[in-house]
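Asks:
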Amino acid sequence: MDVARPETKRRKRIRRYIYAGSGLVVAVVITTALARLKPAAPAVDRATIWTDTVKRGPMLRDVRGLGTLVPETIRVIPAATDGRIDERYVLPGTPVKADTVILVLSNPELQQAALDAEYQLKGAEAEYSNRKAQLQNQFMDKRTQAAQISSQYQTAKLAAESNEQLAANGLLANLILKQSRVQAAELAKQNDLAEKEVETFANSIDAQLAVQQANVDQKRAFYQLKRSQLDQLRVRPGIDGVLQELDVDVGQRVAQGSVLARVAQPSQLKAQLKIAETQAKDLQIGQKASIDTHNGMIPGRVMRIDPSVVNGTRTVDVELTGPLPQGAVPDLSVEGTVEIERLPDVLYVGRPVHGDANSTAGLFRVADKGKEAVRVRVELGRASVNAVEILKGLDAGDTVILSDMSAWDSYDRVRLQ
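In the numbering used here, the protein residues as written are 83 to 499.
#1: Taking Met379 as part of the beta strand (DSSP E), name the residues at either end of that continuous run.
#2: If you draw a straight line from the C-alpha of Leu484 to the C-alpha of Asp134, how long is it?
#3: Measure the C-alpha to C-alpha separation of Leu414 and Gly147 and round it to an integer number of angstroms.
#4: In angstroms with no decimal places, state the Cα-to-Cα distance between Ala455 and Arg497.
#5: Put Asp288 into one of helix, strand or coil per three-state DSSP.
#6: Looking at C-alpha atoms only, which residue of Thr375, Met222, Val336 and Asn189 is the closest neighbour of Ala284?
#7: Label Tyr171 either buried or exposed according to how many other C-beta atoms from any shown protein chain fall within 10 Å of its C-beta, with 16 as the threshold for buried.
#8: Among Glu417, Val136, Gly432 and Asn377, which one has its Cα closest to the Cα of Pro407?
#9: Go to Asp427, then tell me how far its beta strand (DSSP E) extends in each direction, as first and last residue.
#10: Per DSSP, Asp374 is paired with what?
#11: With Ser238 and Leu269 assumed to form a contact (beta carbons below 8 Å), what rounded beta-carbon distance in angstroms separates them?
#12: Confirm, please, whether the CB-CB distance from Val293 to Pro177 is below 8 Å.
#13: Cutting at 7 Å between CB atoms, please list the residues of its own chain near Thr182, excluding the five before and the five after it.
#14: Would the C-beta of Leu173 count as close to the ligand GTP, meaning under 7 Å from any of its heavy atoms?
#15: Looking only at C-alpha atoms, which of Lys453, Val330, Leu476 and Gly463 sits nearest to Pro124?
#16: Which parts of the segment 206 to 233 are runs of the alpha helix (DSSP H), unbroken and 4 residues or longer, counting only runs that do not cross its ends?
#17: Does the segment 388 to 399 come close enough to the segment 347 to 354 to have 3 or more Cβ pairs within less than 8 Å?
#18: Going by C-alpha to C-alpha distance, which of Tyr305, Arg316 and Val136 sits closest to Gln202?
#19: Going by Cα to Cα distance, which pick from Thr395, Ile380 and Pro381 is closest to Ile387?
#20: Does the pairing of the segment 335 to 345 with the segment 148 to 162 give three or more beta-carbon distances under 8 Å?
#21: Identify, in the order they occur along the chain, each residue of the same chain with its Cβ nearer than 6 Å to the Cβ of Arg457, setting aside the five sequence neighbours on each side.
#22: Between which two residues does the beta strand (DSSP E) carrying Asp134 extend?
#23: Over what stretch of residues does the beta strand (DSSP E) that includes Arg128 continue unbroken?
#24: Going by DSSP in three states, Lys239 sits in which element: helix, strand or coil?
#25: State the CB to CB distance for the pair Val384 and Leu151, rounded to an integer number of angstroms; the pair is presumed to be in contact (CB under 8 Å).
#26: According to DSSP, simplified to helix, strand and coil, what is Gly452?
#27: Do Tyr235 and Asn297 come within 8 Å of each other at the CB atom, strictly closer than that value?
#28: How many angstroms separate the CA atom of Leu116 from the CA atom of Val145?
#29: Does the beta-carbon distance from Arg225 to Val264 come in below 8 Å?
#30: Along the chain, where does the beta strand (DSSP E) that runs through Ser188 open and close?
#31: Tell me whether the beta-carbon of Ile167 lies closer than 8 Å to the beta-carbon of Val336.
#32: Using CA atoms only, rank isn't needed, just tell me which of Val391, Lys260 and Asn251 is closest to Ala241.
#33: How about the segment 213 to 220 and the segment 183 to 198: do they share at least three Cβ pairs that are nearer than 8 Å?
#34: With DSSP run on the structure shown, which of helix, strand or coil describes Gln350?
#35: So, with DSSP's three-state summary, where would you put Asp491?
#36: Is it right to say Leu315 is buried, meaning 16 or more other beta carbons lie within 10 angstroms of its own, or is it exposed?
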């Protein structure tokens, strides 16, 4: 018969307590260690990012925008009068001279009005000629009458002088002498009046003809207007250039003032750029620019800055100061860069994707011999198209990631592989 041993049971119970306590301690230690471990840094493929090294030296500030080449001179050709398009001789893209006929319009009412105006002018000219002839005849009649009176006066004057001598010698009666004197005096008055009448009538001829001349001038101006309108039914560009647009078709009726066509001079082009309003604040007239036509670069300068903002951009006109490359035509898409200023000695780096001027950005700086990148806060200053000034947070020689790292915003460290 077996006998229970109290010491053995007590030793087994103590042993179980020791095992349980040890296990609990180990579990607490493991849990604490795991809690203190940092999360593993995510891996980033080097092939998917691009980097740049911080440098010190001169930095060019510029802004960039897309745009097109546009003619400096565009002539809009309106319809001078109502009409119908009868013929179209030239298509867009064709070089034209100033007197090239590009369209022919018809307007029967205008043709009749021009004919009526011609007849009215001829009638007014005939009235003027007739009135002028009448006045000239009247003038000649008055001159003839004046000449007759003058002749009679001279005869009477000579007779009176002769009678004076005869009377002085007692050879003529006083009555006859007095009669000759009276006759000479009377004819002298008539002669003076006749001469004044001729002079007055001569001076009045121009005044009397002026009314008729005004009527002729009015009719002539109206006729010339109608003739000019008739001539403008044959539409000409008025300048040498290239026909850009032709907005009408044969058979179409157009109203006076309607735009028929546009002609540009392709040798005189300018670049019209759209610059983001956030970048356009430092633009000024006269700044240097370069225009990329994708077939060559053209130097230029800013000639106009639109004061208004449209769809977040401002329009900037650039005068082209260099020769145009082959293929430079109106409406060609171009890319333009405007030089704002040259900074002589600054700390700068390539412009990050989310690196706005005068802001603070979190950039990943390459560390541990290129094995990882650590986020640092960087104060950015003045910015250009491809570079930005570093005010604080980086030193010359540091390498930073410029590509979009927003997918790792929740991490301060990434592994590069």
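Where a beta carbon is used, it is the ideal one built from N, C-alpha and C, also for glycine.
Replies: Working from what's here:
#1: Translated into positions along the sequence shown, residue 379 becomes position 297. Segment Met379 to Ile387, the beta strand (DSSP E) holding Met379.
#2: One-based indexing of the sequence shown puts residue 484 at position 402. One-based indexing of the sequence shown puts residue 134 at position 52. Whole-angstrom Cα-Cα distance: 7 Å.
#3: The sequence position of residue 414 within the sequence shown is 332, counting from 1. The sequence position of residue 147 within the sequence shown is 65, counting from 1. Cα to Cα, the separation comes out at about 14 Å.
#4: Your numbering for residue 455 matches position 373 in the sequence shown. Your numbering for residue 497 matches position 415 in the sequence shown. Their backbone Cα atoms lie some 6 Å apart in a straight line.
#5: Within the sequence shown, residue 288 is the residue found at index 206, counting from 1. Correct three-state label for Asp288: helix.
#6: Taking the first residue of the sequence shown as position 1, residue 284 is located at position 202. Here the closest residue by C-alpha is Met222.
#7: Position 89 of the sequence shown, counted from the start, is the residue given in the question as residue 171. Answer is exposed; the Cβ neighbour count stays below 16.
#8: Residue 407 sits at position 325 when you count from the first residue of the sequence shown. Answer by Cα proximity: Asn377.
#9: For the purposes of this step, residue 427 is identified with residue 345 of the sequence shown, where counting begins at 1. Note, Asp427: beta strand (DSSP E), Ser415 to Gly432.
#10: As a position in the sequence shown, residue 374 is number 292, starting the count at 1. The partner list for Asp374 (beta bridge, DSSP) reads Met379 and Glu417.
#11: For the purposes of this step, residue 238 is identified with residue 156 of the sequence shown, where counting begins at 1. For the purposes of this step, residue 269 is identified with residue 187 of the sequence shown, where counting begins at 1. Checking the displayed sequence, the identity of residue 238 turns out to be Ala instead of Ser. Going by Cβ atoms, the distance from Ala238 to Leu269 rounds to 5 Å, so yes, they are a contact pair.
#12: Translated into positions along the sequence shown, residue 177 becomes position 95. Translated into positions along the sequence shown, residue 293 becomes position 211. The answer is no: Cβ separation not under 8 Å.
#13: For the purposes of this step, residue 182 is taken as the residue at position 100 of the sequence shown. The residues are Val172, Arg318 and Pro319.
#14: Among the ligands in the structure shown, none appear at all, so the ligand GTP cannot be discussed.
#15: Here residue 124 corresponds to residue number 42 of the sequence shown, with the count starting at 1. The shortest C-alpha separation from Pro124 is found at Lys453.
#16: none
#17: yes
#18: Residue numbering aside, residue 202 sits at position 120 when the sequence shown is read from its first letter. Of the listed residues, the one whose Cα sits closest to Gln202 is Tyr305.
#19: Locating residue 387 in the sequence shown gives position 305, where the first residue counts as 1. Of Thr395, Ile380 and Pro381, the residue nearest in Cα terms is Thr395.
#20: With a cut-off of 8 Å on Cβ pairs, the segment 335 to 345 is in contact with the segment 148 to 162, counting three or more such pairs.
#21: Taking the sequence shown and counting its residues from 1, the one referred to as residue 457 is at position 375. The beta carbon of Arg457 sits closer than 6 Å to the beta carbons of Gly444, Phe446 and Asp494 from its chain, once the five residues preceding and following it are set aside; these are given in chain order.
#22: Start at 1 with the first residue of the sequence shown, and residue 134 comes out as number 52. That run of the beta strand (DSSP E) goes Thr133 to Thr135.
#23: Taking the first residue of the sequence shown as 1, we reach residue 128 at position 46. That residue, Arg128, is in no beta strand (DSSP E); it is neither H nor E in DSSP.
#24: One-based indexing of the sequence shown puts residue 239 at position 157. Helix, per DSSP.
#25: To locate residue 384, count along the sequence shown from 1; it is residue 302. To locate residue 151, count along the sequence shown from 1; it is residue 69. At roughly 16 Å, the Cβ-Cβ gap does not stay under 8 Å, so Val384 and Leu151 are not in contact.
#26: By one-based count along the sequence shown, residue 452 stands at place 370. In the structure shown, Gly452 sits in a helix (DSSP, three-state: H, G or I).
#27: Here residue 297 is taken as the residue at index 215 of the sequence shown, counted from 1. Here residue 235 is taken as the residue at index 153 of the sequence shown, counted from 1. Their beta carbons are not under 8 Å apart, which means Asn297 does not touch Tyr235 by this criterion.
#28: By one-based count along the sequence shown, residue 116 stands at place 34. By one-based count along the sequence shown, residue 145 stands at place 63. Low per-residue confidence applies at Leu116: pLDDT is 44, beneath 50, and the placement is therefore not dependable, though the value from the model is reported in the following sentence. The straight-line gap from Cα to Cα measures roughly 52 Å.
#29: Start at 1 with the first residue of the sequence shown, and residue 225 comes out as number 143. Start at 1 with the first residue of the sequence shown, and residue 264 comes out as number 182. No, these two residues do not count as a Cβ contact at 8 Å.
#30: Reading the sequence shown from its first residue, position 106 is the one you call residue 188. Per DSSP, Ser188 belongs to the beta strand (DSSP E) from Leu185 to Ser188.
#31: Taking the first residue of the sequence shown as 1, we reach residue 167 at position 85. Taking the first residue of the sequence shown as 1, we reach residue 336 at position 254. Yes, the Cβ-Cβ distance between Ile167 and Val336 is below 8 Å.
#32: As a working note, residue 241 is residue 159 in the sequence shown. It is Lys260 whose Cα lies nearest to the Cα of Ala241.
#33: no
#34: Taking the first residue of the sequence shown as 1, we reach residue 350 at position 268. In this structure, Gln350 counts as coil in the three-state DSSP scheme.
#35: By one-based count along the sequence shown, residue 491 stands at place 409. Note: Asp491 maps to coil in three-state DSSP.
#36: Locating residue 315 in the sequence shown gives position 233, counting from the first residue. With 16 or more other Cβ atoms within 10 Å, it is buried.
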